[in-house]
Structures are given as C-alpha cells and as structure tokens.
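Enquirer: Count along the sequence shown starting at 1, add 126, and that's the number in the working numbering. We treat Cβ as the ideally placed atom computed from N, Cα and C, and that holds for glycine. Got a structure here, written out as structure tokens. Questions coming.
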Amino acid sequence: PQVTRNDASEAINAVLDSASSASDMSKLETIYELTLDALQATSNQRLWFSTSVKLAKLHLERSDIHKLQRLIRALHRACQNTDGSDDLSKGSQLLEVYALEIQMCTITKNSLRMKEIYPRTINLTSAVADPRNIAVIRESGGKMYMAEKKWEAAYNEFFEAFKNYQETGNSSRAKVMLKYVVLANMLALSDINPFDSREAKVYQDDPEISAMANLRSAFEQNDVSTVDKLLTNPSYKILSDPFIRTYLEDLLRNIRLQVLQNLIRPYRCISLDFLSKEINVDIEEVTSLLVQLIMDSKIEAKIDGVEGFLHIDTQNSEDNTRFANITRWADLLDKVHNGLIQKLTHMQPS
Numbered sequence: 127p128q129v130t131r132n133d134a135s136e137a138i139n140a141v142l143d144s145a146s147s148a149s150d151m152s153k154l155e156t157i158y159e160l161t162l163d164a165l166q167a168t169s170n171q172r173l174w175f176s177t178s179v180k181l182a183k184l185h186l187e188r189s190d191i192h193k194l195q196r197l198i199r200a201l202h203r204a205c206q207n208t209d210g211s212d213d214l215s216k217g218s219q220l221l222e223v224y225a226l227e228i229q230m231c232t233i234t235k236n237s238l239r240m241k242e243i244y245p246r247t248i249n250l251t252s253a254v255a256d257p258r259n260i261a262v263i264r265e266s267g268g269k270m271y272m273a274e275k276k277w278e279a280a281y282n283e284f285f286e287a288f289k290n291y292q293e294t295g296n297s298s299r300a301k302v303m304l305k306y307v308v309l310a311n312m313l314a315l316s317d318i319n320p321f322d323s324r325e326a327k328v329y330q331d332d333p334e335i336s337a338m339a340n341l342r343s344a345f346e347q348n349d350v351s352t353v354d355k356l357l358t359n360p361s362y363k364i365l366s367d368p369f370i371r372t373y374l375e376d377l378l379r380n381i382r383l384q385v386l387q388n389l390i391r392p393y394r395c396i397s398l399d400f401l402s403k404e405i406n407v408d409i410e411e412v413t414s415l416l417v418q419l420i421m422d423s424k425i426e427a428k429i430d431g432v433e434g435f436l437h438i439d440t441q442n443s444e445d446n447t448r449f450a451n452i453t454r455w456a457d458l459l460d461k462v463h464n465g466l467i468q469k470l471t472h473m474q475p476s
C-alpha cells in the first residue's frame, strides 16, 4: 500500500524524537542527514523543512554556531523568491527561521544583525503563526531593547512574549517573562501596573511573582529598605536570574534618584555626607545622582564639592512655578476675551 505524506511525517518524527535522546551527537547528526537527503530526493519540502528546524534546534541547544548558521541559511533559502527576497506567502516558515536566527544572535551577541532582522519579524503577518515562535522573537526583542535602555519598548515586547508563552501552555517560561515585564516596568518608571491585566492575575499567588509585585510596590513607595530585603532574600529567587542581575544597578539607581529628590525637597542647603548615609552609598555616587537630577531639570541646585554641600535654589524654582502659573492664567484670559469679542460680533445687527 502507498504511504501517505502524513503517515511518513508521523513515522519520521517518531524516529527522530526517539533518536534525539541519544548522547552520541555524531550518530544523531548522521540520522538527520540521511533523513534530510531522503526527503529532498522525494521532494517532500514540507517535511524537509520541519526536520531541518528540529536539527537546527539541536544545534542551538548545544551552541554549535557554525552548523546552526549553515542550516539557517539553507532554511532561509527555502523561504525566498527567485530574486532572493522573502516569500511572504511562507510567513509561518519565515518566522521559524527568524526565531532561530534571533536566538543565534542572542548567543553570539550580534546586536547589529539582530537590529536588522527584528523589524522583519514584526512586519510578517500570518494567520497560522506559531505562538511559540512569536514568544521567542518577542522575548529576544525585549532583551535587545533592554540592552539599549529603551525600557518602555522592552516592557511591551516582554508582555507580548508573556502572553504567547501563556498561550502555548509554557507556564514556567511565562512566569519568567512576567518577572521581566515587572523589571522593565520599574525601569521605565511606568504608572501602568502589569498585575492589573487578566493574564498576569493567574500568577498572583505564586511566591516568586508575589515577591516581584511587592518589589514593584516598594519601588513605587521609594522604600529602599524593603527593596533590599526582597532582592537579597534567596527564597524569592529574584537575583538567581542572571538577566535580572544585569539590570540591578539601573534599578537601584532609579530608586535612589527618586528617594534623593524627595529627601532634599524641604532643604535649602544639605550635607552630601548626610545624603550618602540616608541612601547608603558613597559621596561619589551621591554626587553622580545629584548631577543627573540637575541635568534632567528635576532640581534647581548647585553642588559645592569642596565644602561637601548641596545648595538648593528654592527661590528660582518658586519663581519658575509662579511664572508658569501666570502664563497659564494669561492664556486663559486671552481665550475668554477672544470668545466674548466673537459673541459680541455675532450679536451686532447686520
């Protein structure tokens, strides 16, 4: 009897899945290569593509970049037109190829190539796009934006990755993405609470996610002490993630900037030594934070590095506020005046 393509696909996948558990990678590669050669001979392009993707994922797991790169090129050629452009009718397959290449870029830290191909994945539309590929792409995009300190863009990407991982039933990865969502949210100083979303509420009772929610709450309240306790408590596993650890200093700097701004508000002159003790950093770090606040126009002040004091220009700040209020009143009166003139003009007999 003739073997259908579906039967052949199921049989080949079963054999490869069984062989994939083997520890001898050279034998496993031989099995894959023989299978791929046979599939090309029978022109079973669909099964050749899916089998090649399986092999590429094995190379990715083992960080065999040379073999992975070669296979990605072959897969990409299968999704191109004769002129070398992407065949957009193969949107789902292109997304699989780009998902593999983006993960490779992450391993090799090839940010230039990542920036080149990432927009293509977002522009690809496919009704049957696999959410597993979308999740991987969006996660990688979030990490790319984090490296560029584009916190808000990273937040959006991580949230999309979180939803797609959740859709595929990958709850462990969805949980990790939710942590990254909260991290980017805090770094962006966003007023949006990610735990208000229906998708995130599913995880609110999880101890690790609950710790991240408490961290965000402490961050909003500028509670440095609670933030330190949550970060250093090993049971919450917040700093066990290398990616989160990478952005710890950025996160702490944001908190310190906000605390510092609130600390100096009642004073006209304040000691740098006092400020350093209050936020538990050295004088050099306090000075750096104050410079940023001044450069960002968050405070009007001058640093006396010789005597070790910060002089706050409250008068200038009050004058600026008063001037802004007067300007707003003047604009409002001008609008009222113009409105009255128009009404009087319409009331005059023609």
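Kindly say whether V417, judged by its beta-carbon, lies nearer than 8 Å to any beta-carbon of chain D.
Expert: Checking the listed chains, one finds no chain D in this structure; it contains a single protein chain.
Enquirer: Are the CB atoms of L436 and I390 nearer to each other than 8 Å?
Expert: Counted from its first residue, the sequence shown places residue 436 at position 310. Counted from its first residue, the sequence shown places residue 390 at position 264. In this structure, I390 lies closer than 8 Å to L436 by Cβ.
Enquirer: Give me the Cα-Cα distance between E410 and D399, rounded to the nearest whole angstrom.
Expert: Along the sequence shown, one-based indexing puts residue 410 at 284. Along the sequence shown, one-based indexing puts residue 399 at 273. Near 10 Å, if we compare the C-alpha coordinates of D399 and E410.
Enquirer: Determine the direct distance from the alpha carbon of E283 to that of Y271, and round the result to whole angstroms.
Expert: If you number the sequence shown from 1, residue 271 lands on position 145. If you number the sequence shown from 1, residue 283 lands on position 157. Y271 and E283: Cα-Cα distance of roughly 9 Å.
Enquirer: Hey, could you find the ends of the alpha helix (DSSP H) S397 is sitting in?
Expert: Counted from its first residue, the sequence shown places residue 397 at position 271. Segment C395 to S397 is the beta strand (DSSP E) holding S397; no alpha helix (DSSP H) there.
Enquirer: Are the segment 401-420 and the segment 357-372 touching, with three or more C-beta to C-beta distances below 8 Å?
Expert: Verdict: no, contact absent.
Enquirer: Leaving out the 5 sequence neighbours to the left and right, which residues in its chain are closer than 6 Å to K276 when beta-carbon positions are compared?
Expert: Mapped onto the sequence shown, residue 276 falls at position 150. Around K276: no qualifying Cβ.
Enquirer: So the candidates are I425, A167 and I381; which of them puts its Cα closest to the Cα of R394?
Expert: The residue you call residue 394 lines up with position 268 of the sequence shown. Comparing Cα-Cα distances from R394 to each of I425, A167 and I381, the minimum goes to I425.
Enquirer: Mind checking who H437 pairs with in its DSSP beta bridge?
Expert: Locating residue 437 in the sequence shown gives position 311, where the first residue counts as 1. DSSP output for H437 lists C395 and K428 as bridge partner(s).
Enquirer: My guess is that I438 and A456 are in contact by the Cβ rule of under 8 Å, so how many angstroms apart are they, rounded?
Expert: In the sequence shown, counting from the first residue as 1, residue 438 sits at position 312. In the sequence shown, counting from the first residue as 1, residue 456 sits at position 330. Not a contact, Cβ separation roughly 28 Å.
Enquirer: Going by DSSP, what residues sit across from D212 in a beta bridge?
Expert: Counting from 1 along the sequence shown, the entry for residue 212 is found at position 86. DSSP output for D212 lists Q206 as bridge partner(s).
Enquirer: Taking I198 as the reference, give the member of R188, N290, L214 and L220 with the closest Cα.
Expert: Reading the sequence shown from its first residue, position 72 is the one you call residue 198. I198 has its Cα closest to that of L220, out of R188, N290, L214 and L220.
Enquirer: If you check the beta carbons only, do E334 and Y362 fall under 8 Å apart?
Expert: In the sequence shown, residue 334 corresponds to position 208, counting from 1. In the sequence shown, residue 362 corresponds to position 236, counting from 1. It is a contact, given that the beta carbons lie within the stated cut-off.
Enquirer: Closest by CA to D332, which one among S414, D354 and S297?
Expert: Walking along the sequence shown from the start, residue 332 turns up at place 206. Comparing Cα positions, the closest option is S297.
Enquirer: Just the C-alpha distance for V307 and A344, rounded to the nearest angstrom, thanks.
Expert: Against the sequence shown, residue 307 aligns to sequence position 181. Against the sequence shown, residue 344 aligns to sequence position 218. V307 and A344 have their alpha carbons spaced roughly 16 Å apart.
Enquirer: With a floor of 3 residues, list each beta strand (DSSP E) that falls wholly inside the segment 330-397, ordered by position along the chain.
Expert: 395-397
Enquirer: When DSSP labels each residue in this structure, what does N170 get in the three-state scheme?
Expert: Residue numbering aside, residue 170 sits at position 44 when the sequence shown is read from its first letter. Note: N170 maps to coil in three-state DSSP.
Enquirer: Which class does N296 belong to by DSSP, given the choice of helix, strand or coil?
Expert: Start at 1 with the first residue of the sequence shown, and residue 296 comes out as number 170. Correct three-state label for N296: coil.
Enquirer: Which class does E274 belong to by DSSP, given the choice of helix, strand or coil?
Expert: Locating residue 274 in the sequence shown gives position 148, where the first residue counts as 1. DSSP, reduced to helix, strand and coil, places E274 outside both helices and strands of the structure shown, so it counts as coil.
Enquirer: Examine the ligand COA and report whether any of its heavy atoms sits within less than 7 Å of the Cβ of G434.
Expert: The ligand COA is not among the ligands present in this structure, which contains no ligands whatsoever.
Enquirer: Where K305 and S135 are concerned, what is the direct C-alpha to C-alpha distance, given to the nearest angstrom?
Expert: Position 179 of the sequence shown, counting from 1, holds the residue named residue 305. Position 9 of the sequence shown, counting from 1, holds the residue named residue 135. Approximately 38 Å, taken between the alpha carbons.
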